[in-house]
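This is how it looks when you write it as structure tokens:
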């Protein structure tokens with residue numbers, strides 16, 4: 063499963079989506095460390 067989050071005008075989140083959602087996605091098993099490194 064892949065997802066992309068874009069908030070171009072920064073109205074939803076004020077930081078990078080990977081930083082905001084990464085820990086929760088990793089804990090749920092949707093994001094591995096290698097996947098996070100590729101996305102960075």
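Residue numbers (this note's numbering): 63 to 102.
Just so you know, even glycine gets a beta-carbon here, dropped at the ideal spot from N, CA and C.
Exercise. Would you decide whether residue 93 is buried or exposed? Buried here means 16 or more other CB atoms lie within 10 Å of its CB.
Key: buried
Exercise. Classify residue 91 as helix, strand or coil using the three-state DSSP reduction.
Key: coil
Quiz prompt | Cβ-Cβ separation, residue 67 to residue 83 (assumed contact under 8 Å), whole Å | solution = 7 Å
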